[in-house]
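My numbering applies: residue 66 is where the first sequence begins, and numbers increase by one.
Ideal placement from N, C-alpha and C gives every residue a C-beta, glycine not left out.
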Amino acid sequence: MTRDSRTHARRTSARNAVDVAHQRIFATIDAIPRGRVASYGQVAAEAGLAGRARWVGRLLSRLPAHSALPWHRVLGAGGRVSVGGSAAREQRRRLRAEGVGFRPSGRVDLARHAWRPESAG
DNA sequence: CACCTGACAGAAG
DNA sequence: TCTTCTGCCAGGT
Numbered sequence: 066m067t068r069d070s071r072t073h074a075r076r077t078s079a080r081n082a083v084d085v086a087h088q089r090i091f092a093t094i095d096a097i098p099r100g101r102v103a104s105y106g107q108v109a110a111e112a113g114l115a116g117r118a119r120w121v122g123r124l125l126s127r128l129p130a131h132s133a134l135p136w137h138r139v140l141g142a143g144g145r146v147s148v149g150g151s152a153a154r155e156q157r158r159r160l161r162a163e164g165v166g167f168r169p170s171g172r173v174d175l176a177r178h179a180w181r182p183e184s185a186g
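What follows is the structure, encoded as structure tokens:
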């Protein structure tokens, strides 16, 4: 094995590890039921990536325009819509369409809509 | 390596 | 309750 091929192998396995992490994040978001919401941090933790909330946000920010992923069910801490512009309107529209209520503050009512995977269940 | 940026989160004021 | 500051992590330049 040449030095270059080892370097390539190392980079490739690192990339695969990242891909696996991404898949876990996507799978977690896919698992959020209709009418429920989760925070970036919660998604990261569920995916086994505690402390990497920003990574989740980064991933969603790069999502293709017509992705089937229910990205709108992911919110900032405390139920805050964490995007701006048209994306924010689209997120609120989609959430309302599935029965998610907003408080006067503009935040989602987490007491009613927070996703609680496996909890009490 | 230094420095910046961001779909975050929590603490402070 | 809202704004600002800090800590954080991954990527980009």
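Own chain partners of residue i with C-beta closer than 8 angstroms, once the 5 adjacent residues on each side are dropped
i: R89; result: A112, G113, L114
i: A109; result: I90, A115, G116, R117, A118, W120, V121
Sequence-distant residues of the same chain with beta carbon closer than 7 angstroms to residue i, five excluded per side
i: L134; result: F91, I94, D95, L128
i: I97; result: A103, P135, R138, W180
i: R168; result: D174
Rounded separation between residue i and residue j - CA only
i: W180; j: E163; result: 14 angstroms
i: V85; j: S104; result: 21 angstroms
i: A70; j: A82; result: Before going further, note that residue 70 is Ser rather than Ala in the sequence given. Computed Cα separation, rounded: 18 angstroms.
i: Q156; j: V165; result: 11 angstroms
i: A152; j: R145; result: 13 angstroms
i: T77; j: Q107; result: 29 angstroms
i: T67; j: A130; result: 41 angstroms
i: L175; j: R75; result: 43 angstroms
i: H73; j: A79; result: 10 angstroms
i: G149; j: G100; result: 21 angstroms
i: R154; j: S170; result: 15 angstroms
Whether residue i touches residue j by CB criterion (8 angstroms)
i: S147; j: L140; result: yes
Cβ distance (whole Å) where residue i is taken to contact residue j below 8 angstroms
i: H178; j: R159; result: Not a contact, Cβ separation roughly 13 angstroms.
i: R161; j: G143; result: No, R161 and G143 are not in contact; Cβ-Cβ is about 18 angstroms, not under 8 angstroms.
i: L125; j: H87; result: Their Cβ separation, rounded to whole angstroms, is 11 angstroms, which puts L125 and H87 out of contact at 8 angstroms.
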